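Residue numbers 283 to 1204, in this note's numbering, belong to the letters of the sequence shown in order.
No residue lacks a Cβ here, since even glycine has one placed at the ideal position from N, Cα and C.
None of the values given here were measured: they were computed from a predicted structure.
Worksheet: one structure, shown below.
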Amino acid sequence: MDKTFQPAEIESRWYQEWESKGYFAPRDGDGAYCIMIPPPNVTGSLHMGHGFQETIMDALIRYHRMRGESTLWQVGTDHAGIATQMVVERQLEAQGVSRHDLGREQFIEKVWEWKEESGGTITRQLRRLGASLDWSRERFTMDEGLSNAVQEVFIRLYREGLIYRGKRLVNWDPVLHTAISDLEVVSEEEKGHLWHFRYPLAGGEGHLVVATTRPETMLGDAAVAVHPEDERYAHLVGRMVELPLTGRQIPVIADDYVDREFGTGCVKITPAHDFNDYEMGKRHGLPLINILDDDAAIGGEAPEAYLGMDRFAARKQIVADLDALGLLEKIDDHTLKVPRGDRSGVVIEPYLTNQWYVDARALAGPAIEAVENGDIQFVPKQWENTYFAWMRDIQDWCISRQLWWGHRIPAWYDDHGHVYVGESERAVREQHQLADEMSLRQDDDVLDTWFSSALWTFSTLGWPEETPELAKFHPTSVLVTGFDIIFFWVARMIMMTLHFRNEVPFHTVYVHGLVRDAEGQKMSKSKGNVLDPIDLIDGIDLETLVTKRISGMMQPQLAAKIEKATRKQFPEGIAPYGTDALRFTYYSLASTGRDIKFDIGRIEGFRNFCNKIWNAARYVMMNCEGQDCGQDESLPVELGLADRWIIGKLQETEAAVERAFENYRFDHASQALHEFIWNEYCDWYLELSKPALGDPEASEAAVRGTRRTLIRVLEAWLRLLHPLMPFITEEIWQSVAPLAGKSGPTIMLQPFPNSAPEAMDSAANADIEWLKGVIVGIRNIRGEMKISLGKELTVQLRNGGEDDKRRLQENATFLKKLAKLSDIVWLEEGDEAPAAATALVGQLEILIPMAGLIDKDAELARLSKEVTRLETELKRIAGKLNNSNFVDKAPAEVVAKEREKMQAQELALQKLKEQEQRISQL
């Protein structure tokens, strides 16, 4: 093994080996285990959320593969209709060409060309992350097989009356000229205004004042609504008002949706341009008056004076015109949530258009029942409540998009507007006996990408054909996903799969939190708090870091934190943490919470963990390679106390990790492994092995037992760790396995360790815990008293029981070696003890005589000086925190850091004063 751990070389080499040898493909096994990757957009690149999600799935797949199951992690990407069309259109615009210049067929050809040349970024990055996906089965939501499945589903649902075409409100993007889903709408608070207008009562004896944030929509008002219990307006319900600028009269209606406290309690109702108004309009039979066109300019049934005006220009004109008529009551500043398209960034309009819909309510019943009866379980369980809330109030699903890239809707229209649905124009003509000379036009719309991804679990396995893979791997085992798409994807998969397969798509839905920055803020480019997983894996040079900071792509404090971590260990400017360190960081954060706060300090700590593992393995190899490690089973083996203890601890860890995987507690698995490997194996067992291997009086059987334990326990925890840290474990295992009596081409196909409770030794555990307690007590005294680690000490023990005496007798060699002792003296009752520093292990008192070890006066002077410094610093911090100007005006995170600093300083001061008291008593 090399002297230092170099992740980059190891990772690229091993991943190529694994993929080229086909290790990721399903093998014969006991049972089947399958995960479907949530298909990332073909335009996408790996972000922190992807990284977190993919590492969770990879750990599950590797774990079940090593458990001997036939595992399939199905890979594929989504065609991402809007995103992909935008990418290609921008490329064409740079050449001075539009998609309309090319025409639909040529444009689609350009998209396919882009997909083949540039659409594989995220799949390359998934490989970099160590994802053991079966690349031989890679699918794409626009490939031939999935396209056939999509068409089959659409046609069958249409013939069953579960797909229909209707005119309803949708989220309309006036730049992209398409309907978009709620998930593609980002609503954030923005500063705006609340305009108060006077609507004169018909008859001329007064007016009502209505408030609106969108004055331009008043051109499409169909009513004014008040609350039925609002006494101010009860006498006006049923009356008519004059709608200014339009020449129309509209009624005053009563509806309990109206908030009496908002504005004046009178609300304008525009059913064609507001989702809530649309529902109210249906309740009261109000007309749908459209006043916008596809560009969100004024059109439709609006007054001629405003036709063709941009909506925001029309807003200014309408306000001015109403003011001129004396109908503008007032304008208030108002903060409101403005819906914008996540791709285009423009304000989205509720817009009345003809679209295709799925009757989701008809499909929802069995999907609700599947979760109620336990066929599908959510982890954590509370997410079932979110699922039920959405499903029991489900609305019909708009599945059409006004794009060119996507699954084109298999519907044709004749000149009279009749619609025909079928596999092709030829099939439609034959089925409906339409003459060849009759003109037919295919629907221009494509299907929402969520439609094809709703079929993902069974279409990727070959449906509508009944393939062997479908029979073996469906229903799939678990879906790993974020809570934000439980409705958009999870629920729709359940509905579609139950309808077409009469079985659930998966048995478990593991819902993870969303990765945020260290302060809990959502990661976004505008905030400059985005971390690139590949930058963390491969390292980022300081020049790039500075560029990102100056350009605003990265917050100054985040850049400073990364630079500090980088310079500390990598003066040349690049800090490659490696894939394993990043993965382990993700697992450590995978609790049941809604948010995952990612702090750069954690990955730094786990890079050090990788180095610890590497150095531990090198120590074991140096002491075991070419040596008798108990390979010959006929030779006697004697296990010492430390050997029996670490074997028992390994069994405990194996059981803990198994429980964690079964309960989807990856944070518990990482915690158990970190504690065992770093603390128990590396910090204690390796140190305890040194006296055993170096004892000239030890028997061959005892030395053989220690070597065998060193290598076998190492080999076992490498397998235990492999699902979480695949690369470093594979590299080390290749060297360790032969000495441990294991063989095989790769650790990933080795059996996962099973705990053996009978191997746990409670007596050995108790004795080692006693030994650790004594050593830690002596080391703490050294640290507190500033006694050199190289100085041998005399230790006195007293007040212990018979077990303490036995343990001392059996472990004196360990104590002297590990605690650097020259002598250990047991004080009997009545023996006089000198002035000494003390520590306790149970009832056992540990004394270290201080005579000649420290200069009492000099140490007290040093402590007094440090106490004074801390008291001064605490006074300064307290002054800041007691200053209301600082607390109220400084950023919350700055105030919080000052409070944390104060607590740390108070604790340090307390310890220093305790130390002063101890030394003064010597």
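* Asked: Do A596 and Y588 have their C-beta atoms closer together than 8 angstroms?
  -> yes
* Determine the extent of the beta strand (DSSP E) in which D1207 is found, giving its start and end residues. => Beyond the ends of the chain as shown, which are 283 and 1204, falls residue 1207; an answer cannot be given.
* Of all the beta strand (DSSP E) runs that stay within the bounds of the region 430-514, which reach a length of 3 or more residues? -> For the region 430-514, whole beta strand (DSSP E) runs of length 3 or above, ordered along the chain, are 445-455, 460-462, 467-482, 489-494 and 505-508.
* H509: which of E524, T528, D537 and R798 sits nearest, CA to CA? -> D537
* Measure the alpha-carbon distance for A1119 versus K1147 and round it to whole angstroms. => 22 angstroms
* Answer yes or no: do N1081 and A1121 have a C-beta to C-beta separation smaller than 8 angstroms? => no
* **Pairwise C-alpha distance: A924 and E969** => Each residue's Cα considered, the two are about 10 angstroms apart.
* To do: Note down the Cα distance separating L1021 from A1186, rounded to an integer number of angstroms.
  => 48 angstroms
* If you run the structure through DSSP and keep just helix, strand and coil, what is N655? -> Note: N655 maps to coil in three-state DSSP.
* Please determine, among D312, R643, H346 and H616, the residue with the shortest C-alpha to C-alpha distance to G443. => Of the listed residues, the one whose Cα sits closest to G443 is R643.
* Asked: Can G478 and V467 be called in contact, C-beta distance under 8 angstroms?
  -> What sits at residue 478 in the sequence shown is His, not Gly. Their beta carbons are not under 8 angstroms apart, which means H478 does not touch V467 by this criterion.
* Asked: Which runs of the alpha helix (DSSP H) spanning at least 4 residues fall entirely within the region 1010-1092, listed in chain order?
  -> 1044-1067
* So L374 is in the alpha helix (DSSP H); what residue range does that whole segment cover? -> Segment G363 to A376, the alpha helix (DSSP H) holding L374.
* Would DSSP call F306 helix, strand or coil? -> Correct three-state label for F306: coil.
* Three-state class that DSSP yields for S352 in the structure shown -> strand
* Asked: With a Cβ-Cβ cutoff of 8 angstroms, do L465 and I767 count as a contact?
  -> yes
* Just curious, the alpha helix (DSSP H) that I390 is in, first and last residue? -> R386 to S400
* For N945: DSSP bridge partner residues -> Looking at the DSSP assignment, N945 forms no beta bridge with any residue, so it has no partner.
* CB contact below 8 angstroms: F1009 versus chain B -> You won't find chain B in this structure, because it holds only one protein chain.
* Asked: Going by alpha carbons, who is nearest to R690 out of E705, H698 and D696?
  -> E705
* Asked: Helix, strand or coil: which one does DSSP assign to T359?
  -> In the structure shown, the three-state DSSP call for T359 is strand.
* **For I1128, the residue or residues it bridges with in DSSP** => L1079 and A1121
* Which of helix, strand or coil does DSSP assign to K663? -> Coil, per DSSP.
* Whole angstroms is fine: what's the gap from T366's alpha carbon to S734's? => Taking the straight line from one Cα to the other gives about 15 angstroms.
* Given a cut-off of 8 angstroms, decide if F765 and V793 are closer than it, judged by their beta-carbon atoms. => yes
* DSSP beta-bridge partners of R690 -> V728
* Asked: When the Cβ atoms of the region 888-898 are set against those of the region 1003-1022, are three or more pairs found closer than 8 angstroms?
  -> Touching, per the Cβ criterion.
* To do: Measure the C-alpha to C-alpha separation of D624 and M903 and round it to an integer number of angstroms.
  => 54 angstroms
* C-alpha gap between A1045 and Q1091, whole angstroms -> 16 angstroms
* Best match in S981, G688 and M1184 for proximity to V324 [C-alpha to C-alpha] -> G688
* Asked: Roughly how many angstroms separate the alpha carbons of S429 and T423, rounded to a whole number?
  -> 7 angstroms
* Taking the DSSP output, what are the residues bridged to I551? -> A505
* Nearest to A1140 (by Cα), restricted to the options Q1078, M1067 and G1083 -> Closest option to A1140, Cα to Cα, is M1067.
* **For Y446 and F701, the rounded distance between their alpha carbons** => It should be noted that the sequence gives Val, not Phe, for residue 701. Spanning the two alpha carbons is a distance of roughly 11 angstroms.
* To do: Rounded to whole angstroms, what's the CA-CA distance from V1123 to W300? Just pull it up for me.
  => 50 angstroms
* To do: Identify, in the order they occur along the chain, each residue of the same chain with its Cβ nearer than 7 angstroms to the Cβ of D877, setting aside the five sequence neighbours on each side.
  => Counting only Cβ-Cβ distances below 7 angstroms, and skipping sequence neighbours, we find G795, L796, R798 and G802.
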